[in-house]
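For the sequence shown, the UniProt record's numbering begins at 1 and goes up steadily by one.
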Amino acid sequence: MALGGKAEIEAVIRIPNIEALADDELAEVAHMRDGRWSAQTRALLERFGTTKLDLNSGWASTWTLWSCPCCQREKLQIARISSGGVLLCRLEYHHDHIGDLAKRIFRERNPRSGERDINIQVSRAKDALMPLIERFESTQICIDCNLAEGRAKLELTGEIDANFTFAPSEIASFITVAENRTHEIDVEKARTAWLAAKDDFADRIDFATRMAQRIASGRHRREVAPGQRLLGPIQERDVVYRLFAAAVPPGYRHRLGALIEARSVCNDSAGQSLKPKRKAVVRPPTDSEFAAVEAAQGETKTWNHAGPDWLCPCCDRSKREICRKSNRGKWTARIHRVVEYVPEDDEESLARRRLDAASQIIIGSYRSVLICHDCRNVSAELQRRRAGLSEQSLTLDNLRELVEGAVPHSPHEIDFERAAAIAVANAPLMEAIDDFADHRTRAFEVLADIRQMTKIMGWSSRKAREIVGYEIAKAKGWELEEGDDHADWLLAEARRLLAIDEAKQ
Ligand SMILES: [Zn+2]
Ligand SMILES: [Zn+2]
Ligand SMILES: [Zn+2]
Numbered sequence: 001m002a003l004g005g006k007a008e009i010e011a012v013i014r015i016p017n018i019e020a021l022a023d024d025e026l027a028e029v030a031h032m033r034d035g036r037w038s039a040q041t042r043a044l045l046e047r048f049g050t051t052k053l054d055l056n057s058g059w060a061s062t063w064t065l066w067s068c069p070c071c072q073r074e075k076l077q078i079a080r081i082s083s084g085g086v087l088l089c090r091l092e093y094h095h096d097h098i099g100d101l102a103k104r105i106f107r108e109r110n111p112r113s114g115e116r117d118i119n120i121q122v123s124r125a126k127d128a129l130m131p132l133i134e135r136f137e138s139t140q141i142c143i144d145c146n147l148a149e150g151r152a153k154l155e156l157t158g159e160i161d162a163n164f165t166f167a168p169s170e171i172a173s174f175i176t177v178a179e180n181r182t183h184e185i186d187v188e189k190a191r192t193a194w195l196a197a198k199d200d201f202a203d204r205i206d207f208a209t210r211m212a213q214r215i216a217s218g219r220h221r222r223e224v225a226p227g228q229r230l231l232g233p234i235q236e237r238d239v240v241y242r243l244f245a246a247a248v249p250p251g252y253r254h255r256l257g258a259l260i261e262a263r264s265v266c267n268d269s270a271g272q273s274l275k276p277k278r279k280a281v282v283r284p285p286t287d288s289e290f291a292a293v294e295a296a297q298g299e300t301k302t303w304n305h306a307g308p309d310w311l312c313p314c315c316d317r318s319k320r321e322i323c324r325k326s327n328r329g330k331w332t333a334r335i336h337r338v339v340e341y342v343p344e345d346d347e348e349s350l351a352r353r354r355l356d357a358a359s360q361i362i363i364g365s366y367r368s369v370l371i372c373h374d375c376r377n378v379s380a381e382l383q384r385r386r387a388g389l390s391e392q393s394l395t396l397d398n399l400r401e402l403v404e405g406a407v408p409h410s411p412h413e414i415d416f417e418r419a420a421a422i423a424v425a426n427a428p429l430m431e432a433i434d435d436f437a438d439h440r441t442r443a444f445e446v447l448a449d450i451r452q453m454t455k456i457m458g459w460s461s462r463k464a465r466e467i468v469g470y471e472i473a474k475a476k477g478w479e480l481e482e483g484d485d486h487a488d489w490l491l492a493e494a495r496r497l498l499a500i501d502e503a504k505q
């Protein structure tokens, strides 16, 4: 006899305590996923003779037999050991940067309007155009294919349009693949792929520009259906989830996904230990020479801010140890302020940000750090040597690794080939930084809208917030309540980010 419908049944489920589960129990719960708990990961660690693991959320969100659509390798063939002896299990998103360019073109020609329906229209039109502009849809690929793409673009800087991205099939055309190591790239083949795609690429930008223009001039308007989103016929899962939500104890937090992810990922690559300083080969400045260096700083804020006990966080040298004697015999030293980005760790923010994320890394904040002139010069020198890199291409952790064994009163000896390789491998971080900038823009736009509505139109902040929520829900095809929640979160984000900006000044 088939059960269900005719007679009432009782179903009892137990929600496990994720943090306390044994690895094999977690494997049951995290169906079709992967993590540091999987038998495969443990076998890989053993095979490569390490206990250090760098496993990201891309790897954790796919099953153990996942294979890269670009190089066709499976996870067992993708995992490899980093120069620091860490097992790398990383998958990245690969998306077409022509989309970022098209969105900029669109935004420039279609600034936010005071009219709600126009904003919804513009937002929908922009989303609808992406599949016609992008050369490939956002694809998850392995770390090495992503790396090969970045290296090819760097080799061809100046020839290739900066907004061009090689499609997975094009990457496949210029890599030589081997198991458990990075790909070799053939720059000639990469150039051929770019030349073959060049005209089509230009044509798509032309199309994006025309469409942005057409939308701006009021064409292609489509009425927005008022009211709630249609729910459609009710589904079994809607009913079951409501029953579940009603049955859990009050105060239960729906965070199984976040808990499982926290138990799945691992980041032993970050913050590797500092190598000891070497002995000075140059005579240190005398007390009076150091006093002259201090006096010469005058109003330099960074020097004073750093305080007397400051140590450069990258090379571990003190104010006195960073002093260097110029060719003309004058002692000098400088401390610079640089930005360090900090990953998001708030569960709600992570979940919401992933809706639009371009990278596996989600940045939630930033702070400024004071580093010495020699350390900052590593980034500056790298940019001079290799076009196509930015100040952010090396993180403080990277600098720490590169300047290891720093010597007092001497410039750093840097392997710039290695520095360039590290910088190229940071492409997902560059994506994440762009993404953070986009997030800030969206959050500040919402805050500005609400301020405008309350100050200029004289509406209550509640009404203003409802309008913003409606706009978000309609643009994204969500229920109105979801739009309101998202608007609340974005507003809180705007305030949080403003507070960080202000604290920095
Ligand atoms: Zn691959
Ligand atoms: Zn330093
Ligand atoms: Zn991007």
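All C-beta atoms in this analysis are idealised placements derived from N, C-alpha and C, irrespective of residue type, glycine included.
Everything numeric in this text was worked out from a predicted model, so none of it was measured.
Quick test of your reading: residue i and residue j, contact by CB under 8 Å. State the CB separation rounded to the nearest angstrom.
i, j, result
"P313", "I371", "6 Å"
"A443", "L497", "6 Å"
"V378", "L402", "6 Å"
"R376", "V338", "6 Å"
"A190", "A152", "4 Å"
If you draw a straight line from the alpha carbon of residue i to that of residue j, how long is it in whole angstroms?
i, j, result
"Q297", "P284", "19 Å"
"G483", "F136", "29 Å"
"I105", "A421", "32 Å"
"E184", "R80", "15 Å"
"A306", "Q383", "26 Å"
"R278", "D316", "11 Å"
"E299", "R400", "28 Å"
"G158", "R440", "30 Å"
"V122", "V224", "11 Å"
"S82", "E340", "23 Å"
"residue 523", "S113", "Absent from the structure is residue 523, since the part of the chain shown begins at 1 and ends at 505."
"A258", "D199", "44 Å"
"I133", "A197", "13 Å"
"E348", "R242", "20 Å"
"T51", "W37", "13 Å"
"E25", "R107", "49 Å"
"I361", "E479", "28 Å"
"A22", "T41", "15 Å"
"R451", "E493", "15 Å"
"E404", "S318", "15 Å"
"W66", "R320", "53 Å"
"G150", "R73", "19 Å"
"F244", "E28", "20 Å"
"E344", "A60", "18 Å"
"A247", "E8", "16 Å"
"P250", "R352", "24 Å"
"R255", "C68", "29 Å"
"G35", "T286", "55 Å"
"Y93", "K504", "32 Å"
Please state whether the Cβ-Cβ distance between residue i and residue j is less than 8 Å.
i, j, result
"T332", "V369", "no"
"I500", "S326", "no"
"L156", "V187", "yes"
"A30", "S264", "yes"
"residue 517", "A448", "Not covered by the structure: residue 517. The range shown for the chain is 1 to 505."
"L53", "D268", "yes"
"C70", "I141", "yes"
"H409", "R324", "yes"
"I322", "D374", "yes"
"Y470", "R116", "yes"
"V18", "I171", "Just to set this straight, residue 18 is Ile in the shown sequence, not Val. No."
"H95", "A425", "no"
"F201", "F164", "yes"
"P168", "T139", "yes"
"I205", "L129", "no"
"A216", "R328", "no"
"L45", "L76", "no"
"R14", "W63", "no"
"L394", "A427", "no"
"A475", "R124", "yes"
"T182", "L147", "yes"
"L396", "V446", "no"
"R229", "G49", "no"
"D144", "I78", "yes"
"C266", "L55", "yes"
* Counting by C-beta, which residues lie closer than 6 Å to a heavy atom of ligand 2, in chain order? -> C312, C314, C315, R317, I371, C372, D374 and C375
* To do: Give a yes or no on contact between the segment 440–460 and the segment 379–393, applying the rule of three or more CB pairs nearer than 8 Å.
  => The segment 440–460 is not in contact with the segment 379–393.
* Output the residues surrounding ligand 1, defined as those with a CB atom closer than 7 Å to any ligand heavy atom, in chain order. => C68, C70, C71, R73, I78, I141, C142, D144 and C145
* Asked: Is the segment 169–180 close to the segment 204–213, with three or more CB pairs under 8 Å?
  -> no
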